[in-house]
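Just below is one structure, and these are the notes that go with it.
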Amino acid sequence: MLQRTRDEITAMTLMAKMHQSARCVSPHDFQYCSACVEKTPDLVLRHWRFAWSMTCEVCGQTLATKRLTEAVSDRLLARAARGAQALKTAVATNDLRRLRRMDLTLHVVSMQDFGRSASVISANERERLMALAAVGVGMARPLLGAAIILRGNDRAVRELRRAFPRHRRVIERIRRLSENLDRRLPDQPEAVHVPKQETRETSRQGGSERALQAARQAISELGPDANRQALLMRADAIWRLSSSVKS
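Numbers given in the numbering used here equal positions in the sequence shown, counted from 1, plus 161.
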């Protein structure tokens, strides 16, 4: 019979009372430490199930998800790490306001085609990193982050109103900020030879992605605590510069 010490059992089991959001703790083993598992094949540590865990607390090695995807960029990894740290802090301090903000951010992301399956406890590496990166933006600049994601998507705004009827004022502020982004970061003209329906969808997705990249760069340059107007002006300048280079 395999014997385990009390400390080992504590490290392998979830606490009976956990006050953080259920989204932060996976009911399944979605990631693991290859080095620790190689030494002890049946090992399953508690912190591997936490959404914010990206490195093994035992050996310090980067945790691996069950379903690895193609190589991800260092930029996405860095953003996901910031999101994971923000999430860990919110849970450690039991900051319900920030945890609700995280839930709202993930709900907004789930309305988009690129984020329908994104989850901070996903066994798919790319999906999980995208969700954590979105949490980072949502924690630092929640209204701006939501406005960027919802830009040009009226359907998602209507779904948000139905899902969060008590937060209509906040959603309205997000909608107005999104419209402001539309005025400052106009979409590129549609191609002539592409079918109309396909062009409209491609243009919306491409425009939103370019706006998102411009806003991310502005936040990276000016910092997450910068004035919103300054962020918009810098994002506008980045947008125009990238558009002129492409043309």
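Backbone N, C-alpha and C define an ideal beta-carbon position, used for all residues, glycine too.
Predicted model only: the values in this text are computed from it and were never measured.
Between the segment 238-246 and the segment 285-295, the count of Cβ pairs shorter than 8 Å is three or higher; the stretches touch.
Distance check between V281 and each of R316, E320, F191, R329 places F191 closest, using alpha-carbon atoms only. DSSP places V186 within a strand segment (E or B) once states are collapsed to three. When DSSP states are grouped into helix, strand and coil, N341 belongs to the helix group. In this structure, C194 and L224 form a Cβ contact; the two beta carbons are roughly 6 Å apart against a cut-off of 8 Å.
The secondary-structure analysis by DSSP pairs T223 across a beta bridge with T216. The Cβ neighbour count for R329, taken over all protein chains shown within 10 Å, is under 16; the residue is labelled exposed.
With respect to the C-alpha of R337, the residue from R327, D315, T216, A232 having the closest C-alpha is D315. R259 is positioned such that its CB atom lies closer than 8 Å to that of M300.
Short of 6 Å from the beta carbon of S187, and not among the five residues preceding or following it, lie these beta carbons of its own chain, in chain order: R210, I282. Counted as a single uninterrupted DSSP element, the stretch harbouring V233 is not any alpha helix (DSSP H), since DSSP gives it neither H nor E.
Of the residues assessed, C220 falls on the exposed side of the cut-off, its CB having fewer than 16 other CB atoms within 10 angstroms. Here the alpha carbon of C217 sits roughly 24 Å from the alpha carbon of M263. Burial check for D168: the Cβ neighbour count within 10 Å stays below 16, so the residue is exposed.
Looking at the DSSP output, F211 sits in a beta bridge with V186. Contact check for A294 against K227 fails: the beta carbons are separated by 8 Å or more. Separation of Q374 and I399 (C-alpha to C-alpha, rounded to the nearest whole angstrom) is 9 Å. Distance check between H268 and each of E286, D256, L248, V296 places V296 closest, using alpha-carbon atoms only.
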